[in-house]
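**Q**
2 protein chains.
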Amino acid sequence: MSNTHTRTEVQIPATSSVTDDDDAVLDPEVLGAALLGKWADVRRQARELAGRPELHTIEGLSSAEQRERCFGQLRYLVDHHGVHRGFPSRFGGEDNHGGNVAGFEELVVADPSLQIKAGVQWGLFGSAVLHLGTAAHHAAWLPGIMNLDIPGCFAMTETGHGSDVASIGTTATYQLDTEEFVLHTPYRAAWKDYIGNAAVDGRAAVVFAQLITDGANHGVHAFYLELRDSAGQFKDGIGGEDDGLKGGLNGIDNGRLHFTAVRIPRTNLLNRYGDVAPDGTYSSPITSAGRRFFTMLGTLVQGRVSLDGAAVAVSKLALKTAITYAHERRQFNAGPDLREEVIMDYQRHQRRLLPLLATTFAASFAHEELLEKFDGVFSETTDTDADRQDLETLAAAYKPLSTWHALATLQECREACGGAGFLTENRLTSLRADMDIYATFEGDNNVLLQLVAKRLLADYAKEFQGVDFGVLARYVVSQAAGKTLHRSGLRRMAQTMVDTGSERKSAIALRDERTQHELLSDRVTTMIGDLAAALRGTSHMGHAQAAARFNAHQHELIEAATAHAELLQWEAFTRALHAIADPGTRQVLTWVRDLYGLCLLEKNLAWYLMHGRLSAQRARTLGPYINRLLAKIRPHSLQLVESFGYGPEHVRSTLASGTEKLRQEEAAAYMREQRSQRQSTLR
Amino acid sequence: MSNTHTRTEVQIPATSSVTDDDDAVLDPEVLGAALLGKWADVRRQARELAGRPELHTIEGLSSAEQRERCFGQLRYLVDHHGVHRGFPSRFGGEDNHGGNVAGFEELVVADPSLQIKAGVQWGLFGSAVLHLGTAAHHAAWLPGIMNLDIPGCFAMTETGHGSDVASIGTTATYQLDTEEFVLHTPYRAAWKDYIGNAAVDGRAAVVFAQLITDGANHGVHAFYLELRDSAGQFKDGIGGEDDGLKGGLNGIDNGRLHFTAVRIPRTNLLNRYGDVAPDGTYSSPITSAGRRFFTMLGTLVQGRVSLDGAAVAVSKLALKTAITYAHERRQFNAGPDLREEVIMDYQRHQRRLLPLLATTFAASFAHEELLEKFDGVFSETTDTDADRQDLETLAAAYKPLSTWHALATLQECREACGGAGFLTENRLTSLRADMDIYATFEGDNNVLLQLVAKRLLADYAKEFQGVDFGVLARYVVSQAAGKTLHRSGLRRMAQTMVDTGSERKSAIALRDERTQHELLSDRVTTMIGDLAAALRGTSHMGHAQAAARFNAHQHELIEAATAHAELLQWEAFTRALHAIADPGTRQVLTWVRDLYGLCLLEKNLAWYLMHGRLSAQRARTLGPYINRLLAKIRPHSLQLVESFGYGPEHVRSTLASGTEKLRQEEAAAYMREQRSQRQSTLR
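Residue numbers (numbering that gives the first Met the number 0), protein chains in the order written: chain Z, 0 to 682; chain X, 0 to 682.
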């Protein structure tokens, strides 16, 4: 249906080539290679670096000490060539865009503060100079940015405007007489806020402001500004304050900035997409102000891409800890002997952890595809408008899912490890605290999903461009008819007739790859079609009326976008699965993919039933089938987390260190001793 | 069906006396009084205390400083009569059990560390001496415990055993020659762990250990042990270590303890439920070892009760912050004017916050009933075996729901406040970090829900006690018939016939109180009936086989328990609603209760559809009706959070302070000024 959708359509063989082999053996090496993806070498290098103690968090430091240590770690990254892959080779970089992000996101396993602080310096501040500036800017500032002589800020968000960047209040007014811009903060809500490096370390900043020349506002543009002198004091007209303690990421010195008639040279405008001539004339290669704005923001998409990757990496760490522990920890003895059950054998424990594991695989494979799309656009090998739009839609779709998933995974893993999970030494709580903000920065998750929904609607409408009224009218009628069909339950009843087989047969049908795909994609298509019908005519309405209509469907729009993103993840998972040659590995991974797909169906089961897509009879087979699938995957769960490729230097959790196993063995030996003593007393 | 269930059955008038008045005016005073409940005076006193700066967290302290401050706050509570209500009046207490817990749980709004540290000292350590000890113990130790001369530990949990307390490894072996018990830790997994006050402050402890006398193990009993001398050094044979930093609650010095042949007098056994005579003979007023164990643990139920209450209180704080902010914060302008929309007007924002608000009311009213049940049992006014069982089942049902709810609420509120929500000054992240462990301590939530499920099954089985085989057989047959009926979809189709009315009519049916109740309770009954059928015969199986069968249904058991707990919360909410005389307040609260009920139906909609309880047609009205209900409740949402009765001294969040409103007004004034300047330029 949609462009994004069509192009990522999964190729499904006529019959599944995978036979269900209960004795399948997973090869963690094979799976590990598939997960490492195209930039495997970079990931290995980055993980080697991320495993070094110099880059690890020391818990219990004061926030001042944490900040200082984190800043020192940035120097370490420079010295060890960890962060320049994305910069032009003429400045000592590698022009390797995908690899650069792959390397960045792995830093999260060392310390999320470090990942984000590095992301601010080189991913946001540096990228803004690189992508929004031109040759003179590059020559002047990129070397200092790269080697950290110029620690800098990316000053976009304001206290009053985060999600709606177009409405920021900071102004940059061109002064003809001095050929300067005057940066100014007109009111308190226009203070730059939550800006990394602003409280202490930032010497310069890329400041986003409304560009005003000759009385006209040309919208948001980026300006390079020197913030502090060599002694670390704010320059004239610049003020600010510390954001203080945060719920996490306290290695980063977030702060506020404000400007009182601060003058900067005209040439400090980063002028790739918009320029002001000495005489004050504004010019831009992009005529539409709206398109210009989105093009400028689009160059900064790598932040979202790398958050998606980092969220996946952290989910892997958490599952490695919780699943390793669940294989060693014993509690309650069900059987007649003294030995208690390993908690991984409890159905509920499997239900809690294994669907999260399946989702992590889906998110990981989907992220790898996103990274390749990103690389294609930024290396300009596949860089059409459609590619750029797809890239942004994919990033906007995946980042919310993976960041929320990371939070859910960290929490479930924490609880699955009980009181021990709450100890800082096991990292789950600290990682969760740090990852919390990933759900709202670089694009609030709920706002991003609305962008996805708007794109889906636009694609949907395109389908009917050029179609004459008759056809469109017919379409609407057939839609309505279809709706009535579902409503009256006729289609559902028809399906009930077909579903005369056993429960087992129904379960087989649901795990069929094509059935899963059909159900998942049908849901997206139908939801978007229904929304398009409900929103028809809004383009002819007044702004307020149209907005009210959209608002009345906002929740459904976000649900539809989520369904779309999940479908895309399922498709990416399936493509990755098909690329694996080793039969045992493919078998086990097929079960994991099925678990992901079936849990999506289960989550939205009411929808499938209400819309007549599944009969009640078939739906009732789903839960029991998922339970059987869990039991099938369970024996492979240790190897599945092993395939993530993270060693003890990355996981750094006592819970996953084997200590629990030693304790269990010691206790078991004591029990045996006691028993044999009792028996010899009886003799 | 079940005892618990039947006794709490809601009384529903033949026709709802509430008319749907769109102009309803809510009186926060009326609602506030209903929420304050039976111990309103105690709550007011406790809140006054909790509002004092002396008891507030200072963020950014080192963990050593935090611990010291928190310990000092315990003295403050003693000095200000905050914590002795539950102790006997002969020791200066008030014998006020319900009021005591009400007072304790309000401390969480000052600081969760303080609530838990106080809970350890007086709620666990003190209560163990009070409820498991006898007169001599009370006389010897209660005064010192009450006035904090004896800071103490509740040493039950071990590294190896948290949920399965019956299997702890610590032994207390009676020595006939010296008339002493020898406390001993036989292996590393038997170290006491996560014990509050153990790392630094504890001078004494109630230690749980396997009581062994004359070669026989009589199960877990509690012993009073002096831990440290007046200089704070461990006494002979006692060792331990600090649990170190935790994900939250760092005001509490959790630690580990182990014992190497530590001798204590025979009389240090807290001997209310089991005693050892000088000659080593064991005696107990309760013959069954299992029943004795659960009776002893049962006296400590107040921990769970007060966690339930504290979780509700924290949810209220979070919603007060997020909903107040959502009324002031503006973002994106939908309409044609310059003024942006207040984010509370966005449908998605309503969907995110208002169902959490509705659940908070349900949990609050349900908690109040739990507290009354607790008070009845502990004041011995309604103290039958059935009352005690009901109390434990209710606590085991509510504590998981409310603690998970608090975490979900804190996180959603954090995200709904964007980056500002992540700043420590707004407390959402710190409260969430502190509340995290509430989901697993004092009974792991998943384990507690299994206790509830077991109780429901036992009640279900009791129904058939004394019934002859014929009737039982008939029952099973009719169950099976009913199942077939649902499976074949006949009942669902029949309902489709009946549901010929408009969507609106269907929506009215769903918001009908009796319909909601019928749907919610039918689900519990059916789930338990199905489980009972699936588990039939397990009592005749071998232990391992029966355990495997139970394990194959573990997830469903927990789901059924959750459904039961939600039903009970809905019933408590409905009873509270009926008790409100003011029509406007009752009207608005009815919408809130409907929102709670309908969101429960929506969450489990697939079940209702699969089991033929709702037609697809009726189910499709649910989402749109919930959206309309959100719009109805939205204008009252500020007053709803006002009714919680927490002032700025409790909320202590900049986000809820009105600062945002001032910023918005300043920005709006600037915009108006700009516009009028532009207009005058045009003139």
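Don't be surprised by glycine CBs; every beta carbon is placed ideally from N, CA and C.
1) In terms of residues, what are the limits of the alpha helix (DSSP H) holding L629 (chain X)?
2) Taking 8 Å as the CB-CB cut-off, is R674 (chain Z) touching chain X?
3) So, helix, strand or coil for I251 (chain Z), using DSSP?
4) Does the distance from the CB of I144 (chain X) to the CB of E157 (chain X) come in under 8 Å?
5) Nearest CA to the CA of L131 (chain X): which residue from X:F292, X:V304, X:G417, X:R612?
6) What does a CB cutoff of less than 8 Å around L604 (chain X) pick up in its chain, not counting 5 residues either side in sequence?
7) Around the Cβ of G541 (chain X), are there at least 16 other Cβ atoms within 10 angstroms (buried) or fewer (exposed)?
8) My output table needs one value for A457 (chain X): the three-state DSSP class, helix, strand or coil.
9) Looking only at C-alpha atoms, which of X:R74, X:H404, X:H348 sits nearest to T359 (chain X)?
10) When the Cα atoms are used, what is the spatial distance from Y645 (chain X) to L318 (chain X)?
11) Count the other C-beta atoms from every protein chain shown that fall within 10 angstroms of the C-beta of P277 (chain X), then say buried if there are 16 or more, exposed otherwise.
12) Examine the Cβ distances between the stretch 300-311 of chain X and the stretch 624-637 of chain X and report whether three or more of them are shorter than 8 Å.
13) Looking at the strands, I want to know which residues DSSP matches up with S614 (chain Z).
14) Out of X:A357, X:R255, X:I57, point me to the one whose CA is closest to G243 (chain X)'s CA.
15) Which residues, in order along the stretch 435-455 of chain X, keep a beta-carbon less than 7 Å from a beta-carbon of chain Z?
16) I need the DSSP call for H326 (chain Z), collapsed to helix, strand or coil.
17) Would a check of beta-carbon distances place Q586 (chain Z) closer than 8 Å to chain X?
18) Tell me which same chain residues have a C-beta within less than 8 Å of the C-beta of D521 (chain X), skipping the five on either side of it?
19) By the three-class DSSP mapping on this structure, what secondary structure does V181 (chain X) have?
20) Short check: CB of T96 (chain X) to CB of G85 (chain X), under 8 Å?
21) Under a Cβ-count criterion, where at least 16 other Cβ atoms within 10 Å of its own Cβ denotes burial, should H160 (chain X) be classed as buried or exposed?
22) Would A45 (chain X) and G102 (chain X) qualify as a contact pair, given that the criterion is a beta-carbon distance under 8 Å?
23) Counting Cβ pairs, one atom from each stretch, are 3 or more of them under 8 Å apart for the stretch 204-221 of chain X and the stretch 137-156 of chain X?
24) Is the CB of E414 (chain Z) under 8 Å away from at least one CB in chain X?
25) Assign H220 (chain X) to one of three DSSP states: helix, strand, or coil.
26) Does L471 (chain X) come out as helix, strand or coil in the three-state DSSP assignment?
27) With a Cβ-Cβ cutoff of 8 Å, do T402 (chain X) and A432 (chain Z) count as a contact?
28) Measure the beta-carbon distance from Y690 (chain X) to N253 (chain X) and round it to whole angstroms, keeping in mind my assumption that it falls under 8 Å.
29) Is there a C-beta anywhere in chain Z that falls below 8 Å from the one on D242 (chain X)?
30) I need the straight-line Cα distance from S652 (chain X) to P52 (chain X), nearest angstrom please.
31) For the beta strand (DSSP E) containing Y193 (chain X), name the first residue and the last one.
32) State yes or no: is the C-beta of R265 (chain Z) nearer than 7 Å to some heavy atom of the ligand SAM?
33) Count the other CB atoms, across all protein chains shown, that sit within 10 Å of the CB of D443 (chain Z); report buried if there are 16 or more and exposed otherwise.
34) Would you mind telling me which residues of chain Z sit closer than 7 Å to M609 (chain X), beta carbon to beta carbon, in chain order?
35) In chain X, which residues lie with their C-beta within 7 Å of the C-beta of L518 (chain Z)?
**A** Quick answer:
1) Run containing L629 (chain X): 621-632, per the alpha helix (DSSP H) assignment.
2) By this cut-off, R674 (chain Z) is not an interface position.
3) In this structure, I251 (chain Z) counts as coil in the three-state DSSP scheme.
4) No, they are not a contact pair.
5) Ranking the options by Cα distance to L131 (chain X), first place goes to X:F292.
6) Excluding sequence positions up to five before and after L604 (chain X), its CB lies within less than 8 Å of the CB of L613, A618, L621, all in the same chain and listed in chain order.
7) By the neighbour-count rule (16 or more Cβ atoms within 10 Å), G541 (chain X) is not buried but exposed.
8) A457 (chain X): helix per DSSP, three-state reduction.
9) Selected option, being the one with the closest Cα: X:H404.
10) Straight-line Cα distance between these residues: approximately 11 Å.
11) So P277 (chain X) ends up on the exposed side.
12) The answer is no - the stretch 624-637 of chain X does not touch the stretch 300-311 of chain X, with fewer than three Cβ pairs under 8 Å.
13) Answer is none; S614 (chain Z) lacks a bridge partner.
14) Closest option to G243 (chain X), judged by alpha-carbon separation, among X:A357, X:R255, X:I57: X:R255.
15) Within the stretch 435-455 of chain X, the residues whose Cβ lies closer than 7 Å to some Cβ of chain Z are D435, I436, A438, T439, F440, D443, N445, listed in chain order.
16) Shown here, H326 (chain Z) sits in a helix according to DSSP, grouped into three states.
17) Answer no: the Cβ-Cβ gap between Q586 (chain Z) and chain X never drops below 8 Å.
18) Hits under 8 Å: R612.
19) Three-state result, V181 (chain X): strand.
20) The amino acid occupying residue 96 (chain X) in the given sequence is His; Thr does not appear at that position. Judged by their CB atoms, H96 (chain X) and G85 (chain X) are nearer to each other than the 8 Å cut-off.
21) It counts as buried.
22) Closer than 8 Å, so yes.
23) A contact exists between the stretch 204-221 of chain X and the stretch 137-156 of chain X.
24) Among the residues facing chain X, E414 (chain Z) is included, as its CB has a counterpart in that chain under 8 Å away.
25) In this structure, H220 (chain X) counts as strand in the three-state DSSP scheme.
26) The pLDDT assigned to L471 (chain X) is 29, lower than 50, so where the model puts this residue is not dependable; a value taken from the coordinates is nonetheless given after this. L471 (chain X) falls in the helix class under three-state DSSP.
27) Contact flag unset, no.
28) Since the first residue of chain X shown is 0 and the last is 682, residue 690 (chain X) is not available in this structure.
29) Interface flag for D242 (chain X) against chain Z is set, since a Cβ pair is found closer than 8 Å.
30) Those two C-alpha atoms are separated by around 14 Å.
31) Under the DSSP assignment, Y193 (chain X) falls in the beta strand (DSSP E) whose first and last residues are 191-194.
32) This structure does not include the ligand SAM; it has no bound ligands of any sort.
33) Buried is the call here.
34) One finds L608, A615, A618, R619 in chain Z with Cβ atoms closer than 7 Å to the Cβ of M609 (chain X), taken in chain order.
35) Within 7 Å Cβ-Cβ: nothing; L518 (chain Z) doesn't reach chain X, min ~14 Å.
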